[in-house]
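Protein chains: 2
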Amino acid sequence: MITFDRVKPLTKYLFQQKVAHKTIGLVPTMGALHQGHFSLIAASQKQNDITVCSIYVNPTQFNQISDLKKYPRNLAEDKTKLRSLGCDVLFCPSDQEMYPQPTELKFDFGSLASHMEGKHRPGHFNGVATVVAKLFNQVKPDRAYFGQKDLQQYVIIQQMVRDLGFSLTLQQVPIIRETDGLALSSRNQRLTRKQRQVAPQLYQGLKLAAMQMKEGAGIPKARRKVRDHMKKFREIELEYFQIVNADNLHPINGCENNKVALCMAAYLGKVRLIDNLIIIC
Amino acid sequence: MITFDRVKPLTKYLFQQKVAHKTIGLVPTMGALHQGHFSLIAASQKQNDITVCSIYVNPTQFNQISDLKKYPRNLAEDKTKLRSLGCDVLFCPSDQEMYPQPTELKFDFGSLASHMEGKHRPGHFNGVATVVAKLFNQVKPDRAYFGQKDLQQYVIIQQMVRDLGFSLTLQQVPIIRETDGLALSSRNQRLTRKQRQVAPQLYQGLKLAAMQMKEGAGIPKARRKVRDHMKKFREIELEYFQIVNADNLHPINGCENNKVALCMAAYLGKVRLIDNLIIIC
Chain U
824 MITFDRVKPL
834 TKYLFQQKVA
844 HKTIGLVPTM
854 GALHQGHFSL
864 IAASQKQNDI
874 TVCSIYVNPT
884 QFNQISDLKK
894 YPRNLAEDKT
904 KLRSLGCDVL
914 FCPSDQEMYP
924 QPTELKFDFG
934 SLASHMEGKH
944 RPGHFNGVAT
954 VVAKLFNQVK
964 PDRAYFGQKD
974 LQQYVIIQQM
984 VRDLGFSLTL
994 QQVPIIRETD
1004 GLALSSRNQR
1014 LTRKQRQVAP
1024 QLYQGLKLAA
1034 MQMKEGAGIP
1044 KARRKVRDHM
1054 KKFREIELEY
1064 FQIVNADNLH
1074 PINGCENNKV
1084 ALCMAAYLGK
1094 VRLIDNLIII
1104 C
Chain X
824 MITFDRVKPL
834 TKYLFQQKVA
844 HKTIGLVPTM
854 GALHQGHFSL
864 IAASQKQNDI
874 TVCSIYVNPT
884 QFNQISDLKK
894 YPRNLAEDKT
904 KLRSLGCDVL
914 FCPSDQEMYP
924 QPTELKFDFG
934 SLASHMEGKH
944 RPGHFNGVAT
954 VVAKLFNQVK
964 PDRAYFGQKD
974 LQQYVIIQQM
984 VRDLGFSLTL
994 QQVPIIRETD
1004 GLALSSRNQR
1014 LTRKQRQVAP
1024 QLYQGLKLAA
1034 MQMKEGAGIP
1044 KARRKVRDHM
1054 KKFREIELEY
1064 FQIVNADNLH
1074 PINGCENNKV
1084 ALCMAAYLGK
1094 VRLIDNLIII
1104 C
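If you're matching them up, the sequences are chains U and X in order. Here our numbering is used: the first residue of the first sequence is 824, the next is one more, and so on. Here our numbering is used: the first residue of the second sequence is 824, the next is one more, and so on.
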């Protein structure tokens, strides 16, 4: 594995690979790698000659300084993992390299970014889109891999790729879960033992809603059931539970034979977790 | 000259050129080519192996339908001119090719786009930035060429390139003027004979301001002098005259040994013209 911390040598190296007709897959991460990330790496390795993993805890997408500070970092361990997975290139730039000057431009994603994560994490998607645009311009991948767990992020990046004409294909990779159903997340490390025990209830709540929807319950009823369920666990503070069109995340009134996304965010103490489930109903 | 009207074959062709280590210069235009454009082409030819000229009247940057409709178009003549200049590649896509679906993402350039052109042409720079980002992603040039006449456009594109990390160099090419001082513009074609006679007064106004500034007059006095001068010509309706920092277009209070841009927009009948002059004072 070749490691770069500067943009220019990375771009130069990857250009040489392109000249040699190698295809490039990009897996953007913030490190603290787990099986969820590994599945992105594996998906990229399957489809591309060269897999580039970026590790960069992007400050501009954190709307809370405390969350940024507490975000788990373990570059040495991450490197060992990536090497053992056969990742070809690691890009781990400094803040100075990624943001040589403060960003002035902002993205406006309209209604797409005004609910769920966009509503509860103001500025988050602007930071995500900015850093992802930078990575796309630096790596110039043929394909880029994102997890379904950050569903709204995926749809927003898809919009950016479409609207700005980035010549690459986005790939969404399914959520990886612990055996008890908890969606893998670097933030899970920060849960206490008690919080970790109840954390799978996010997924249980989503499954409950899915069952309700499949049995023909309307959206209000499904939402109520989930809220009631989550209230049983005093360690969990539900932030939102939304039922939306899975392709464009627009609110829906009913099923209409669509792909529907059930999306949830909740606090366990100071740790904020998200999860989602996509169903056909 | 090779002409493309589709993105994919263009991108494929240019990739082959890159593989052969050719450098690529991009000259984005809206056609109705004149000496101003030719100087951009010449600048690109001097610095690059391959010069790509794009001709696309971008609907999303017109804030008035009538201006879009009346914008001069003459592709056949443009092609002849480009061929005679030795331009290597012409890219003239359709609306369908550039905007297969409506754009949802918007750029917010903050204060940079809230005065001068940004104020008087709402949405203009969002449309410009969107189409330029698309062209950058399609052509992937080493260098891109823009005229100084659209000074605010240049600064905004510079911001976008910096903030999103496009790996290319922007080049600004000086304004080309008629012998009587009128800055070349495709819109000049639409002037009546009488309007054409007084149109050089925009430049005269700018020169008057420059003289005032160099003689130590404050900004308010220079502005007043120019306004008074422009009022003498009843065919001209001054829209704005601003004195700003030439690098970032921030309003300035005085000279302070800076590069200062004198920027003007005016209507001659229904034709809107812009001009600027950069001075050290």
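Where is the CB? At the ideal position from N, CA and C, for every residue including glycine. This structure is a prediction, so every number in the text was calculated from the model and none was measured.
- Leaving aside the five residues that flank Asp-872/X on each side, the residues in its chain whose CB is nearer than 7 Å to its CB run, in chain order, Lys-845, Thr-846.
- The beta-carbon of Glu-920/U is placed no less than 7 Å from the nearest beta-carbon of chain X.
- Only Gln-982, Met-983, Arg-985 from the region 964 to 985 of chain U bring a Cβ to less than 8 Å from some Cβ of chain X.
- A distance below 8 Å between beta-carbons, with the five flanking residues on each side excluded, links Thr-926/U to the following residues of its chain, in chain order: Thr-883, Thr-953.
- Going by beta carbons, Asn-1011/U and Arg-944/U fall outside the 7 Å limit.
- Looking only at Pro-832/U, Tyr-968/U, Ala-843/U, Asn-960/U, the smallest Cα-Cα distance to Leu-863/U is reached by Tyr-968/U.
- A Cβ-Cβ separation of about 6 Å places Leu-991/U in contact with Asp-965/U under the 8 Å criterion.
- In terms of Cβ geometry, Arg-896/X and Gly-854/X form a close pair [threshold 7 Å].
- Listed by position along chain U, the residues whose Cβ is nearer than 8 Å to that of Thr-953/X are Asp-986, Leu-987.
- Neighbours of Glu-927/X in chain U, taken as residues at a C-beta separation under 8 Å, are given in chain order as Phe-932, Gly-933, Leu-935, Gln-982, Asp-986.
- Taking 3 residues as the shortest admissible run, the region 997 to 1076 of chain U contains the following complete beta strand (DSSP E) segments, listed from N- to C-terminal end: 1059 to 1068.
- Residue pairing from DSSP places Ile-847/X in a beta bridge opposite Ile-873/X.
- For Val-842/U, the chain X residues whose Cβ falls inside 7 Å of its Cβ are Val-842, in order along the chain.
- The alpha carbon of Ser-1008/X has as its nearest neighbour, out of Ala-843/X, Ser-917/X, Lys-972/X, the alpha carbon of Lys-972/X.
- Using a Cβ distance threshold of 7 Å, Val-850/U and Val-962/U do not count as a contacting pair.
- Contact between Val-1067/X and Gln-1018/X fails: their C-beta atoms lie close to 27 Å from each other, not under 8 Å.
- Of the candidates Ile-1102/X, Val-951/X, Asn-960/X, Met-824/X, the residue whose Cα lies closest to the Cα of Tyr-977/X is Val-951/X.
- Neighbours of Gln-839/U in chain X, taken as residues at a C-beta separation under 9 Å, are lacking, since the least C-beta distance is about 10 Å.
- The beta carbon of Lys-957/U falls within 7 Å of a beta carbon belonging to chain X, placing the residue at that interface.
- For secondary structure counted as the beta strand (DSSP E) over 3 or more consecutive residues, the region 846 to 931 of chain U holds these complete runs in sequence order: 847 to 852, 873 to 878, 912 to 914, 929 to 931.
- Bridge partners of Ile-1103/U according to DSSP: Lys-1082/U.
- In the three-state scheme derived from DSSP, where H, G and I count as helix and E and B as strand, Phe-838/U is classed as helix.
- For Leu-991/X, the secondary structure class from DSSP, reduced to helix, strand or coil, is coil.
- With respect to Ala-1084/X, Glu-1062/X sits apart: the two C-beta atoms are not nearer than 7 Å.
- From the beta-carbon of Gln-924/X, the residues of chain U found nearer than 9 Å are Arg-985, Asp-986.
- What Gln-961/X touches in chain U, judged by beta-carbon distance under 9 Å, is Gly-988, Ser-990, going in chain order.
- Ranked by how close their Cα comes to the Cα of Ala-1022/U, the residues Pro-997/U, Met-1053/U, Arg-1046/U have Met-1053/U in first place.
- Taking C-beta atoms under 8 Å as the contact rule, Lys-904/U and Leu-913/U fail to qualify, at a distance of about 10 Å.
- By the criterion of a C-beta distance shorter than 7 Å, Ala-1033/U is surrounded in its chain by Leu-1085, Leu-1100, Ile-1102, once the five residues flanking it on both sides are discounted.
- Using a CB distance cut-off of 7 Å, Thr-834/X counts as an interface residue toward chain U.
- With fewer than 16 other Cβ atoms from the protein chains shown falling within 10 Å of its own Cβ, Ala-843/U counts as exposed.
- With a beta-carbon spacing of about 6 Å, Leu-908/U and Phe-861/U fall inside the 8 Å limit used to define contacts.
- In the same chain as Leu-935/X, and ignoring 5 residues on each side of it, the C-beta atoms closer than 7 Å to its own belong to Val-978, Ile-979, Gln-982, Leu-1072, in chain order.
- Rounded to the nearest angstrom, the gap between the Cα atoms of Ala-899/U and Met-824/U is 13 Å.
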